[in-house]
Amino acid sequence: MRNLFVLMFMLAATVFAGAFMVVVVATPSLYDQGMVLIPVAAGLGVVLAIPVAWFVARAISQASKPI
Numbered sequence: 011m012r013n014l015f016v017l018m019f020m021l022a023a024t025v026f027a028g029a030f031m032v033v034v035v036a037t038p039s040l041y042d043q044g045m046v047l048i049p050v051a052a053g054l055g056v057v058l059a060i061p062v063a064w065f066v067a068r069a070i071s072q073a074s075k076p077i
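In the numbering used here, the protein residues as written are 11 to 77.
Here it is as structure tokens:
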């Protein structure tokens with residue numbers, strides 16, 4: 011399950027960090043503070059990806075066990 015978690019984490023971290031950075035860049039009121047908010051958004055995306063990746067990896071692992 012550890013390998014599956016690492017794969018899910020890489021995917022989820024990329025998606026969340028990218029989505030949060032797009033929100034910062036696309037919002038005019040946040041764009042002015044982009045030098046500060048873009049690293050914060052990327053870090054928040056990586057941190058948020060940990061529990062999501064764990065949940066998804068556990069769900070896939072349980073679903074793939076033989077009955």
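We treat Cβ as the ideally placed atom computed from N, Cα and C, and that holds for glycine.
So residue i and residue j are supposed to be a Cβ contact under 8 Å. How far apart are they, rounded?
i	j	result
Ala10	Ala27	An answer regarding residue 10 cannot be provided, because it is not within the stretch 11 to 77 covered by the chain.
Ala69	Ala23	No, Ala69 and Ala23 are not in contact; Cβ-Cβ is about 18 Å, not under 8 Å.
Using only the alpha-carbon positions, how far apart do residue i and residue j sit?
i	j	result
Thr37	Leu14	35 Å
Pro49	Val56	11 Å
Arg12	Phe19	10 Å
Ser71	Leu54	26 Å
Phe30	Pro61	17 Å
Leu21	Ala73	20 Å
Are the beta-carbon atoms belonging to residue i and residue j less than 8 Å from one another?
i	j	result
Val32	Gly44	no
Taking 7 Å as the cut-off, does the CB of residue i come closer than this to any heavy atom belonging to the ligand GDP?
i	result
Ile60	Looking at this structure, you won't find the ligand GDP or any other ligand, since it has none at all.
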